[in-house]
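Data block below; observations after.
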Amino acid sequence: MSKRQELDDPIDHHPSTKRAKEIDAKPPYDELKDLLEAQTADIKTTNVLHWFRSQDLRTQDNKALHDAFETAKEASAPLICAYVNCEPELIWHGTSPARCDFVNETLTLMQKELKEKDIPLVFLEAAERDEIVPTITKFIKDHKISHVFANYEYEIDELRRDIKVLQNAKDNKYQVSLRHDQTIMEPGTMVTGAGKPMKVFTPYHQSWLGEIKDDPSLLDLVPAPSKQPGDKKGLKDLFDSKLPSLPKEKQFESNKERDRIRKLWPAGHDAGMKRMNEFIQKKIEKYASTRSNPAKDSSSRMSAYFSSGAVSMREAVSAVMKHNDGTSDFSQNGASAGVAAWVREIVFRELYRQTTLTTPHTAMNMPQNLKFDFVKWEDDEEGYKRWEEGTLGVPFVDAGMRQIKHEAYMHNRLRMNVSSYLYCNLLIDYRRGERYFAETLIDWDLSNNTQGWEPSYTVFNPISQAERNDPDGDYIRKWVPELKDVQGKAVFDPFHRLSKEEFKKLGYPEPYVDWSETKQRAMERFKSDMKDAEP
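Next comes the structure, spelled out in C-alpha cells:
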C-alpha cells in the first residue's frame with residue numbers, strides 16, 4: 003500500500019460537480035456581506051481588535067489595521083492585535099515548512115515593531131480547525147472588545163469562518179468590519195457588459211489598466227499605526243505572548259536547510275521592499291525580454307512577500323509608478339515594455355482572486371472547468387516519485403523539480419512545464435501536483451496555485467520549451483549536474499541526441515515515458531472521459 007493510500011489525503015476531499023455548481027450559485031461571500039450590512043452601528047467603543055490573518059502580515063499600508071487604529075484613536079480606546087495559530091490548519095492546507103517559517107519570522111518582527119508603539123500582538127492557539135472561531139470569540143469576550151477589524155480572505159473555508167464570527171458577534175454585542183486588502187481592484191467588481199464577473203484574462207487586463215489609469219488613487223497608501231491610542235495599563239499581560247513552535251512536520255529537516263532558505267527569503271516588510279526597489283532599479287527594464295528565461299533570474303522574487311502580505315500590492319505597484327514617471331498608465335503605450343510586462347503578471351494575480359471569490363468551488367479541490375473532474379487519472383506511483391525527485395529523464399522538467407527542492411521556489415516558466423508533464427504526459431491527477439507545490443513552495447497561496455494547476459488541453463513540449471527559454475542550457479546545467487558537461491543542443495534531449503555510449507556515461511536516467519505517445523494518450527483520454535460529461 004502506498005503512502006498516499008494509507009493517509010486520509012485532503013486532495014480526496016471535494017464536493018460532487020452538482021454540489022460545486024450549487025455553491026457557485028449561492029456563494030458564501032453573499033451571505034457574509036448580508037451579515038456585515040445587518041450589524042448594529044451604534045456600539046460604544048471600548049477596546050478595538052485587529053485580527054491578522056496569514057495574508058496581511060504587515061503594519062504598513064494595511065487597510066483593516068489602519069481603520070482599527072483610527073477607530074481606537076477617535077475614542078481614545080486601546081488597540082490590540084491578534085493572530086490565531088492552528089497546527090491542524092497548517093497540516094490540512096499542506097503549508098510548507100518554508101512558508102510556515104517565513105510567516106513566523108515575519109510575525110516575530112511585527113510583534114517587536116508593534117510593541118515599540120505600545121500595541122500588543124497576541125498569539126492565540128486553536129487546537130483544531132473548528133476551534134478557530136471559538137478561540138477568537140473567547141478572546142473578544144474576555145478583553146471586552148467592541149470592534150473587530152480584519153482583511154478579507156477569499157477562500158471558501160475562510161469565508162465560512164467569517165460568517166460564524168459574524169453570527170457570534172450578534173450574540174456577544176461586538177461589531178465586525180472587513181476590508182479588501184489583497185488586491186488593488188476589489189475582487190468581484192470587474193464585470194462584463196452583462197454584469198457578470200470577468201473570467202477571461204485579456205478583457206480583464208484591459209479593464210484593469212483602464213481603471214488604474216483613470217483613478218491613480220487606487221494606489222494610495224495608508225500609514226502604519228503610531229503610538230498606542232488608548233490606556234495601555236490594562237494590556238500589560240498581553241505583551242508577553244509567545245508564538246507557538248511549529249509542529250515537527252512543519253519544521254525544516256536541518257538547520258542547514260533553514261539557514262539556506264532564510265538567506266534566499268529574508269522575512270518581513272523591510273526585506274520585501276528592499277527587494278522590490280532593487281528589482282525596479284536593476285531588472286524591470288529588461289523584464290519583458292528576459293522574464294521567461296529561468297537562467298537569467300530576472301523575476302522580482304516578490305511572490306513570498308505578496309502571498310503572506312508582508313508587502314502590499316499597492317506598495318509594489320506604487321513603487322513601479324514612481325519609476326514610470328509618476329503615471330499609472332501601465333499599458334504598452336504608457337509604460338516601458340518591462341514595466342508593462344511586470345504589471346501584467348500582477349493583473350493575473352488579481353484575476354485569480356476574483357475567480358476564487360466568484361467561483362468558490364475552485365478552492366475545494368475542484369477544477370474550474372468541472373468536466374475535468376470526470377477524467378480517469380492513472381495510479382502511477384513510480385512516475386509520481388520520479389516527477390517529484392526530478393529523475394524523469396526530461397532535463398527541463400527535472401531541473402524545475404530540483405530547484406523547488408533546494409529553494410522552495412520555482413521559476414514560473416518551469417511551473418507551467420512541470421504541471422503539464424504531470425497531468426498530461428503521466429496522466430496523474432493534477433491535484434497531487436497542486437498539493438506538492440503547497441507542501442514545498444515558500445510563496446504558496448491557494449488562488450495562484452489552483453489557477454496555475456487548472457487542467458487544460460495545452461500540453462507543453464519540454465524540449466522546445468527549453469530550447470526557446472533556456473537557449474544556452476544554463477538553467478538545466480545548474481540544476482541537473484549530470485548534464486553540466488553536455489555541449490550544445492544535446493543538453494535539451496541527451497537520450498536522443500547523444501550516442502548510447504555517451505549517454506550511458508552521464509549517469510542520467512532515460513526518459514520515463516515518450517512525450518509524443520503520452521500526449522496522444524492524454525488527448526484521447528480527455529476527449530473520451532469528458533465527451534458526455536454533464537457537470
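Using the working numbering, the letters of the sequence shown correspond one by one to residues 3 to 537.
Yeah, the Cβ is synthetic: ideal placement off N, Cα and C, and Gly gets one too.
Every value quoted in this text rests on a predicted model; they were computed, and no experiment measured them.
Where does Thr-19 fall in DSSP's three states?
helix
Range covered by the alpha helix (DSSP H) that runs through Trp-481
476-481
In angstroms with no decimal places, state the Cα-to-Cα distance between Thr-452 and Lys-35.
25 Å
Run of the alpha helix (DSSP H) containing Tyr-386, from where it starts to where it stops
383-391
Using 8 Å as the cut-off, can you tell me whether the region 393-411 makes contact with the region 506-518, which would need three or more C-beta pairs spanning the two stretches below that distance?
yes
Could you tell me which whole alpha helix (DSSP H) segments of length 4 or greater appear in the region 187-217?
203-216
Through-space distance from Asp-382 to Ile-147, alpha-carbon basis:
53 Å
Below 7 Å, is the gap between the Cβ of Gln-453 and the nearest heavy atom of the ligand SAM?
Looking for the ligand SAM in the displayed structure turns up nothing, as the structure carries no ligands at all.
Status (buried if at least 16 other CB within 10 Å, exposed otherwise) for Arg-479
buried
Distance check for Asp-159 and His-1, CA to CA, integer angstroms please.
The question about residue 1 has no answer, for the chain in this structure spans 3 to 537.
Taking only three categories from DSSP, how would you classify Cys-83?
strand
I want to know whether the region 501-511 touches the region 414-431 - three or more CB-CB distances under 8 Å.
no
In terms of DSSP beta bridges, what is Ser-179 paired with?
Phe-151
So, is His-408 buried or exposed, given that buried needs 16 or more other C-beta atoms within 10 angstroms?
exposed
Close-in-space but distant-in-sequence residues of the same chain around Gln-7 (CB under 7 Å, 5 per side omitted)
Note on Gln-7: pLDDT 38, under 50, position unreliable in the model; the coordinate value appears next. Result list for Gln-7: empty, nothing under 7 Å.
Measuring alpha carbon to alpha carbon, tell me which residue in Lys-288, Phe-497, Asn-471, Arg-181 is nearest Arg-55.
Arg-181
DSSP three-state label for His-52, please.
strand
Minimum length 4: unbroken alpha helix (DSSP H) runs contained in the region 318-366:
339-360
Distance CB(Ile-406)-CB(Trp-267) smaller than 8 Å
no
Put Arg-6 into one of helix, strand or coil per three-state DSSP.
With a pLDDT of only 40 at Arg-6, under the threshold of 50, the placement of this residue in the model should not be trusted; the figure read from the coordinates follows. It is helical.
Can you round the beta-carbon distance between Thr-61 and Leu-116 to whole angstroms, since I take them to be within the 8 Å contact cut?
7 Å
Contact check, His-566 vs Val-341, beta carbons under 8 Å
The displayed coordinates of the chain run from 3 to 537. Any statement about residue 566 would go beyond what the structure contains.
Taking the continuous beta strand (DSSP E) assigned at Val-124, which residues delimit it?
123-127
Residue ranges of each alpha helix (DSSP H) within the region 390-460, 4 or longer
397-409, 414-422, 432-442, 448-454
Who are the near neighbours of Gly-232 in its chain, counting only those whose CB is closer than 7 Å to its CB and skipping five residues on each side?
Ala-74, Ser-78, Ala-79, Pro-80, Leu-81
Would Thr-110 pass as a contact of Lys-252 if the rule is Cβ separation under 8 Å?
no
Go ahead and label Tyr-459 buried or exposed: buried means 16 or more other beta carbons lie within 10 angstroms of its beta carbon, across all protein chains shown.
exposed
How would you call Ile-142, buried or exposed, if buried means at least 16 neighbouring beta carbons within 10 angstroms?
buried
Measuring straight from C-alpha to C-alpha, what distance separates Val-86 and Arg-131?
11 Å
Local conformation of Met-532 per DSSP, three classes:
helix
Run of the alpha helix (DSSP H) containing His-145, from where it starts to where it stops:
First-last for His-145: undefined, no H or E at that position.
Measuring CA to CA, which of Arg-433, Leu-59, Val-135 is closest to Glu-127?
Val-135
Helix, strand or coil at Gly-490 according to DSSP, with G and I counted as helix
helix
State the start and end residues of the unbroken alpha helix (DSSP H) segment that holds Met-278.
271-284
Exposure of Thr-191, with buried meaning 16 or more beta-carbon neighbours within 10 Å
exposed
Buried or exposed for Pro-205, going by 16 or more other Cβ atoms inside 10 Å?
exposed
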